[in-house]
Every structure is written in structure tokens, then in C-alpha cells.
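So the structure is just underneath, and the comments pick up after that.
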Amino acid sequence: MNESNRRQQATGVPSFRIRRPSELEIETVVVAAGGKRAHLDADRRSLRGADFVLGSSVIELKILEDEGFNKPERQGKLAKLFREHYPVRLPSYLIGACSMPKGDASTTG
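Here the working numbering runs 7 ahead of the position in the sequence shown, where the first position is 1.
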């Protein structure tokens, strides 16, 4: 049984992995929207620079390879944030449909 099936059985919610888009795929979308590469010689440049220009916007492409929630530094920041806003320690924080007010349109579907 794969991880997706285990999660679905545990939560009742289907899950699936979404493939990370490649830079070429993102460039195709930007160009189709009227944008262009910021530097045509980007592969030969030693200077760092933005990747795309779209209208008056400059776009820097960042593809995150690591899962931030697994990093101790990120975990510490999240713990600090929750401690500041919820000083009484609870066993866990449930975020989802169960925590929505009754009658909310998103939970009656």
C-alpha cells in the first residue's frame, strides 16, 4: 500500500503528489502571458538576476527542493508563533473542516 492510500484511509480524504513544474514549463507560461526572459544569456552569466519580466513585474523563480516543515528552524518558528497566540498548551491544533463554524457553506457540501 503506498503513502497516498494510507493517508486516504487514515483521513478519508484522497491525496496525490503534484509534480514540480520545470523552469521550461514556467517559461512557456510566462511567454504565453506576454512576458520574456529577463536575461537571454542567463545560462552564461556569473551575476545573479531575475528570471523573467512580465509587464512591469520582475519575477525571480525559486523552486524549493526541501520540505520546510521538516527543518528544525522552521519548526521552531512555527512553535514560537503558536505559543505567542495560544499560550495555553493543548495536545494538538486541529485545522480543517471540524474547526469551521457550523453552517459554513464550505462544510455543508
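Note that CB positions come from ideal geometry on N, CA and C, so glycine has one too.
Note that the structure is predicted; figures quoted are calculated from it, not measured.
1. Distance, Cα to Cα, T114 vs P21?
2. Would you tell me roughly how many angstroms separate the C-alpha atoms of S29 and D48, rounded to the nearest one?
3. Under 8 angstroms between the Cβ atoms of V60 and K43?
4. Start and end of the beta strand (DSSP E) containing V65?
5. Quick check: what's the CA-CA separation for D50 versus V38?
6. Comparing C-alpha positions only, which one of L68, Y93 and S63 sits nearest to G56?
For this structure:
1. What you label residue 114 is simply residue 107 of the sequence shown in a count that begins at 1. What you label residue 21 is simply residue 14 of the sequence shown in a count that begins at 1. Residue placement at T114 is flagged as unreliable, the pLDDT there being 44, under the threshold of 50; the coordinate-derived value follows with that caveat. T114 and P21: Cα-Cα distance of roughly 17 angstroms.
2. As a working mapping, residue 29 is identified with position 22 in the sequence shown. As a working mapping, residue 48 is identified with position 41 in the sequence shown. Distance between the alpha carbons of S29 and D48 is about 19 angstroms.
3. Residue 60 sits at position 53 when you count from the first residue of the sequence shown. Residue 43 sits at position 36 when you count from the first residue of the sequence shown. In contact: V60 and K43 (Cβ atoms closer than 8 angstroms).
4. For the purposes of this step, residue 65 is taken as residue 58 along the sequence shown, with counting starting at 1. S64 to I66 is the span of the beta strand (DSSP E), which, as asked, contains V65.
5. Counting from one through the sequence shown, the residue named residue 50 turns up at place 43. Counting from one through the sequence shown, the residue named residue 38 turns up at place 31. Rounded to whole angstroms, D50 to V38 spans 18 angstroms at the Cα level.
6. Counting from one through the sequence shown, the residue named residue 56 turns up at place 49. Residue L68 is the option with its Cα nearest to G56.
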